[in-house]
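With full-length UniProt numbering applied, the sequence shown covers 1 to 319. Each residue gets a CB set at the ideal place from its N, CA and C atoms; glycine is no exception. Keep in mind that this is a model prediction, so the values were computed, not measured. A short write-up of the structure that comes next.
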Amino acid sequence: MSLFWRIFALNAVVLGAATALLLWAPVTVSVPILLPEAAILLGGLAVMLIANAALLRIGLAPLERLSRLMSTVDLLRPGQRLPPPARGGIAEPVHAFNSMLDRLEAERALSNARALSARETERRRVSAELHDEVGQSLTAVLLGVKRVADQAPEPLRGELRLVQETVRDSLDEVRRLARRLRPGVLEDLGLVAALTSLATDVATHTGVKVARDLRAGLPPLGPEAELVVYRIAQEGLTNVARHAEATRVELALLSEGSGVVLRIDDDGHGLGDAPEGAGIRGMRERALLVGAALDIAPGPDGGTRVLLTVPTTREGDRP
Numbered sequence: 001m002s003l004f005w006r007i008f009a010l011n012a013v014v015l016g017a018a019t020a021l022l023l024w025a026p027v028t029v030s031v032p033i034l035l036p037e038a039a040i041l042l043g044g045l046a047v048m049l050i051a052n053a054a055l056l057r058i059g060l061a062p063l064e065r066l067s068r069l070m071s072t073v074d075l076l077r078p079g080q081r082l083p084p085p086a087r088g089g090i091a092e093p094v095h096a097f098n099s100m101l102d103r104l105e106a107e108r109a110l111s112n113a114r115a116l117s118a119r120e121t122e123r124r125r126v127s128a129e130l131h132d133e134v135g136q137s138l139t140a141v142l143l144g145v146k147r148v149a150d151q152a153p154e155p156l157r158g159e160l161r162l163v164q165e166t167v168r169d170s171l172d173e174v175r176r177l178a179r180r181l182r183p184g185v186l187e188d189l190g191l192v193a194a195l196t197s198l199a200t201d202v203a204t205h206t207g208v209k210v211a212r213d214l215r216a217g218l219p220p221l222g223p224e225a226e227l228v229v230y231r232i233a234q235e236g237l238t239n240v241a242r243h244a245e246a247t248r249v250e251l252a253l254l255s256e257g258s259g260v261v262l263r264i265d266d267d268g269h270g271l272g273d274a275p276e277g278a279g280i281r282g283m284r285e286r287a288l289l290v291g292a293a294l295d296i297a298p299g300p301d302g303g304t305r306v307l308l309t310v311p312t313t314r315e316g317d318r319p
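And the structure:
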């Protein structure tokens with residue numbers, strides 16, 4: 001029975017019972033109405049309203065359960081579907097909602113793929129400009145300062161040496177930013193070498209000790225999947241350095257079943273009750289692009305664990 005007919009039937013039962021009582025009860029209504037008659041009529045109205053409210057509560061309970069289930073669905077965790085009800089007359093709304101989730105997940109995956117592709121293209125452009133234009137300009141300034149410092153008298157030479165060191169530090173920072181924007185080592189040497197370089201860079205510039213367990217001989221991943229793994233590792237280590245107040249983090253890449261697993265464990269203060277920020281949601285969006293599962297939860301020894309499982313059997317990930 002559909003929800004409409006269930007509610008109609010409940011109201012028909014209440015109104016039918018009230019009509020039957022009026023027809024067969026010995027109660028009559030005088031003009032003007034007497035106090036006992038008014039009390040009986042008001043009491044009957046109250047009973048009818050209470051019965052109607054109780055029956056409607058029973059009839060609409062499946063919709064309330066459906067509403068609670070809908071509020072827990074998150075498009076960044078695909079595959080969540082409402083189970084078809086065994087009873088309650090809401091099979092059609094549940095089916096429509098599940099169909100809507102199918103469409104939304106497909107559209108979101110497509111739009112995320114386009115957005116992230118555009119973002120990576122912009123990263124490569126900015127990285128090239130930093131390396132080719134800003135980097136070359138700073139190199140020219142560095143050489144000019146060195147030439148002037150070599151010819152300057154001693155009191156001025158020391159100050160020029162300080163300027164030279166400042167320019168050299170700026171040049172190193174520009175190169176580091178260019179590498180973060182476009183991991184050339186990932187394209188040239190592979191995922192393990194890129195993660196090794198990333199861990200070394202984070203440890204050098206943040207002071208956080210990074211322990212590595214990067215296995216060789218892993219199942220092959222496509223370029224898109226490797227980039228997703230690298231970006232999620234980059235974001236995870238950046239979050240540890242900025243927010244976790246950790247002293248040690250372990251970065252692991254290993255094979256598990258038919259997939260590749262990236263694991264990041266830190267000894268920081270954990271996530272607590274803070275809502276997921278843009279960084280974590282961006283990690284989830286990247287994981288969706290290659291059908292990977294991303295789990296962020298408290299670590300076994302405190303802190304936070306980031307666990308990314310990337311399947312290796314997807315056609316889109318094959319080179």
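Other residues of its chain near Ala-9: CB distance less than 7 Å, five sequence neighbours each side excluded
Cβ neighbours of Ala-9 within its own chain (closer than 7 Å, five residues either side excluded): none.
Identify every residue that forms a DSSP beta bridge with Gly-44.
Answer is none; Gly-44 lacks a bridge partner.
For the beta strand (DSSP E) that Arg-212 lies in, which residues bound it at each end?
DSSP places Arg-212 inside the beta strand (DSSP E), whose first and last residues are 209-214.
With a CB to CB cut of under 6 Å and the five nearest residues on each side skipped, what residues in its chain are close to Val-261?
Here the set comprises Leu-254 and Thr-309.
Is it true that the CB of Leu-116 sits closer than 9 Å to the CB of Arg-286?
A distance below 9 Å separates the beta carbons of Arg-286 and Leu-116.
Cutoff 8 Å; reference Ala-113; Cβ partners in own chain excluding five residues on either side
Apart from the 5 residues on each side of it in sequence, Ala-113 sits with its Cβ closer than 8 Å to the Cβ of Leu-289 in its chain, given in chain order.
If you compare alpha carbons, which of Pro-36, Leu-34, Ala-225 and Arg-179 is closest to Arg-124?
That would be Arg-179, whose Cα lies nearest to the Cα of Arg-124.
Nearest to Ala-297 (by Cα), restricted to the options Asp-273, Gly-291, Thr-312 and Pro-311
That would be Asp-273, whose Cα lies nearest to the Cα of Ala-297.
Leaving out five residues on either side along the sequence, give the residues of the same chain with a beta carbon under 6 Å from the beta carbon of Val-13.
Excluding sequence neighbours, Val-13 sits near nothing in its chain.
Val-306 - DSSP class collapsed to helix/strand/coil:
In this structure, DSSP gives Val-306 an extended state, which the three-state scheme calls strand.
Return the chain-ordered list of same chain residues with a C-beta closer than 6 Å to the C-beta of Arg-81, the five sequence neighbours on each side being excluded.
Excluding sequence neighbours, Arg-81 sits near Asn-98.
Taking 9 Å as the threshold (C-beta atoms), are Glu-235 and Gly-279 in contact?
The answer is yes: Cβ separation under 9 Å.
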